[in-house]
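Order-wise, the sequence lines are chains W and G.
For the first sequence, the numbering used here assigns the number 4 to the initial residue and increments by one for each residue that follows.
For the second sequence, the numbering used here assigns the number 4 to the initial residue and increments by one for each residue that follows.
Where is the CB? At the ideal position from N, CA and C, for every residue including glycine.
Source: prediction; values computed, not measured.
Reviewing the structure listed below.
Protein chains: 2
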Amino acid sequence: MTPETTKTDNEDQVRHFIADLATAICAKDIEAIMSHYAPNAIIFNVKPPFQTIGAAPWRQTWVTSLAHFPDSFGIETRDPKVVASGDMALVHWLWHFTGMVDDNAATQTWLRDTVVCKKDQGRWQIVHEHCSVPFNPETGKAVVTPGP
Amino acid sequence: MTPETTKTDNEDQVRHFIADLATAICAKDIEAIMSHYAPNAIIFNVKPPFQTIGAAPWRQTWVTSLAHFPDSFGIETRDPKVVASGDMALVHWLWHFTGMVDDNAATQTWLRDTVVCKKDQGRWQIVHEHCSVPFNPETGKAVVTPGP
């Protein structure tokens, strides 16, 4: 971080960084998606396994998922929150896909996403992502829509 | 952060901070649990709702949960990872309760936990926590055990 880079600058950079990631996903651009992740990123994804260690297996997850996505779809987000300090930033938000075919539960639900990024030589990268839905312990089932 | 506080010092502090939180939970000590959370913390819990905004409703969640817990139980963790920089730190790990009665799915599963802390006047506090299990999109059910 240069002395001229303020907390607000970093928060703005991180907001753009996450918006760029959503754009890359909707473009089904695997290189652009993966450019957001540090090589040693650890991911807690909405689907099994419990954790994905490293960008290489995470790339494979995306390649497999994107093959099932339609040519055109969108991402709707709500309640974004950014906390940045120095070369580290937290972002969390709720989101869901729009325009998806309706035969895949994973693409029909609202999701919670938490991302932690670090800035190295002026470039932000995700070191950890945690994406999930809550689950109802009485039914063992996922809860797929947030409240108001 | 004082100049004498190194990255390793901060990582050690955060490890102790999270271990203290587990001790507080096992002691069913609501004041000690809540002392780990910033007043404006936002929580994505394993159970609904999608998000809990602020320490006050999060305290109520703990009060309600602890009432159902046995007098004595433990917490087993694995794969802890700490990343600290300046006054901010990320910790994530897998964990489950031990010694719980077996009538509550929420206390029988392995969980993934992500915590982001900030240090203010020498004191770490959680600003965001995300706790979840993966879910199987084919069944809509939670997946309750991690792989090897």
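Chain W within 8 Å of residue i, Cβ atoms only
{"i": "G:Trp-113", "result": "yes"}
{"i": "G:Phe-138", "result": "yes"}
{"i": "G:Phe-53", "result": "yes"}
{"i": "G:Ala-145", "result": "yes"}
{"i": "G:Asp-82", "result": "yes"}
{"i": "G:Pro-60", "result": "no"}
{"i": "G:Pro-149", "result": "yes"}
When the options are compared against residue i, the one with the closest alpha-carbon
{"i": "W:Thr-152", "options": "W:Ser-38, W:Lys-31 and W:Pro-42", "result": "Shown here, chain W extends from 4 to 151; a query on residue 152 of chain W therefore has no answer."}
{"i": "G:Val-85", "options": "G:Thr-8, G:Pro-51, G:Thr-9 and G:Val-17", "result": "G:Val-17"}
{"i": "W:Thr-55", "options": "G:Thr-101, G:Pro-140, G:Trp-96 and G:Ala-145", "result": "G:Trp-96"}
{"i": "G:Glu-141", "options": "W:Trp-65, W:Ile-33 and W:Ala-145", "result": "W:Ala-145"}
{"i": "W:Thr-9", "options": "W:Leu-69, W:His-19 and W:Ala-87", "result": "W:Ala-87"}
{"i": "G:Pro-42", "options": "G:Val-49, G:Gly-57 and G:Pro-51", "result": "G:Gly-57"}
{"i": "G:Ser-38", "options": "G:Ile-21, G:Pro-52 and G:Pro-51", "result": "G:Ile-21"}
{"i": "G:Glu-14", "options": "G:Leu-114, G:Lys-121, G:Val-147 and G:Asn-139", "result": "G:Lys-121"}
{"i": "G:Cys-3", "options": "W:Asp-123, W:Leu-114 and W:Gln-128", "result": "The structure shown has nothing for residue 3 of chain G, since chain G only spans 4 to 151."}
{"i": "W:Glu-79", "options": "W:His-71, W:Arg-62, W:Lys-50 and W:Trp-98", "result": "W:Trp-98"}
Neighbour flag for residue i against chain G, beta carbons, 8 Å
{"i": "W:Asn-13", "result": "no"}
{"i": "W:Gln-49", "result": "In the sequence under discussion, the amino acid at residue 49 of chain W is Val, which differs from the Gln named in the question. At least one chain G Cβ lies under 8 Å of W:Val-49."}
{"i": "W:Ile-45", "result": "yes"}
Exposed unless 16 or more other CB atoms sit within 10 angstroms - verdict on residue i
{"i": "W:Thr-117", "result": "buried"}
{"i": "G:Thr-110", "result": "buried"}
{"i": "G:Thr-112", "result": "buried"}
{"i": "W:Val-136", "result": "buried"}
{"i": "G:Glu-132", "result": "buried"}
{"i": "W:Pro-149", "result": "buried"}
{"i": "W:Val-130", "result": "buried"}
{"i": "W:Arg-126", "result": "exposed"}
{"i": "G:Ala-92", "result": "buried"}
{"i": "G:Val-119", "result": "buried"}
{"i": "W:Val-94", "result": "buried"}
Exercise for the section: List in chain order: all unbroken alpha helix (DSSP H) runs of 4+ residues lying wholly within the segment 42-73 of chain G. Expected result: 58-69
Exercise for the section: Please list the residues of the segment 86-103 of chain G that have a C-beta atom closer than 9 Å to any C-beta atom in chain W, keeping them in chain order. Expected result: Val-86, Ala-87, Ser-88, Gly-89, Asp-90, Met-91, Ala-92, Leu-93, His-95 and Leu-97
Practice task
Report the residue ranges of all beta strand (DSSP E) runs contained in full by the segment 83-146 of chain W; include only those spanning at least 3 residues, in chain order.
Solution key: 91-101, 114-123 and 126-135
Problem - Residues of the segment 113-136 of chain W with Cβ closer than 8 Å to any Cβ of chain G, in chain order - result: Trp-113, Arg-115, Thr-117, Val-119, Lys-121, Val-130, His-131, His-133, Ser-135 and Val-136
Practice task
Any chance you could list the beta strand (DSSP E) runs of at least 3 consecutive residues sitting entirely within the segment 10-35 of chain G, in chain order?
Solution key: none
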